[in-house]
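One structure is given here, and the rest of the page talks about it.
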Amino acid sequence: MSVSLLRCSCTRRGGSGTVAEPTLYLFDGHNLFHAGDYKDLRQLRDELASFVALKGARGYLVFDGSGADESYGPLEVRYAKNADTMLERLAAENRDTEVVCLVSSDVAVRGTSGQEVQKRSSTTFLGDMEAVSHSEDRPHQLRDKLDAETREKLERMRRGG
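Per my numbering, the sequence shown starts with residue 4, numbered consecutively.
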């Protein structure tokens, strides 16, 4: 699944009638993983890291359970005893200073995050990603013209390393 130009409909109208693109994405990790067709969590993480980087945004991918918090470029992977609580907290902390988009199919989380936060179900978000990747036919992409070493260097840079 390519995320090169995903047009997420996580947008809201500003006071002047303009549509604001999100600057912060909050992803419900297990929810997205189970809604999608992913081999493993790494594949999900890599696609979301690419997505937020291409959008010029930041993101948090939050999972229930324990694990080491990690950064992959503009994507932070976090683990919490209760992912829903962390997502709600992150939404509340950032909704006044950023355009926040919460991606979760958990109705309780989407309902408590506040009117200022844009909401997308996991299935809809992934469906939008899928539709855009299938509708784009770009045979002359830059990555097709780069040698393997250069592609690997760029990938390391994208991951923040």
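All residues carry an ideal CB built from backbone N, CA and C; glycine is no exception.
**Prompt:** Can you list the alpha helix (DSSP H) stretches of 4 or more residues lying completely in the segment 54-126, in chain order?
**Reply:** 86-97 and 110-115
**Prompt:** If you compare alpha carbons, which of L129, L93, F128 and M132 is closest to V120?
**Reply:** L93
**Asked** Over what stretch of residues does the beta strand (DSSP E) that includes L27 continue unbroken?
**Response** L27 to D31
**Asked** Is the CB-CB distance between D72 and E79 below 8 angstroms?
**Response** yes
**Prompt:** Where do the N-terminal and C-terminal ends of the alpha helix (DSSP H) with K156 fall, by residue?
**Reply:** A151 to R161
**Same chain, Cβ closer than 7 angstroms to M89, neighbours up to 5 away in sequence not counted** = V65, R81 and A83
**Request:** In angstroms with no decimal places, state the Cα-to-Cα distance between V103 and Y63.
**Result:** 11 angstroms
**Prompt:** With 16 other CB atoms within 10 Å as the buried threshold, where does D99 fall?
**Reply:** exposed
**Prompt:** Excluding five sequence neighbours on each side, which residues of the same chain lie with their C-beta closer than 6 angstroms to the C-beta of A38?
**Reply:** S125, T126 and L129
**Item:** Exposed unless 16 or more other CB atoms sit within 10 angstroms - verdict on L157
**Value:** exposed
**Message:** Residues in the same chain with beta-carbon distance under 6 angstroms from T26, minus the five sequence neighbours each way, listed in chain order, please.
**Reply:** A60, E101 and V102
**Request:** Find the nearest neighbour of E133 within the set Y41, D31 and N34, judged by alpha-carbon distance.
**Result:** Y41
**Request:** Determine the closest residue to F36 out of S108, R154, G70 and A56, with distance taken between C-alpha atoms.
**Result:** S108
**Message:** Whole angstroms are fine: how far does the CA of F30 sit from the CA of V106?
**Reply:** 5 angstroms
**Outcome for S74 when other beta-carbon atoms lying within 10 angstroms are tallied against a minimum of 16** = exposed
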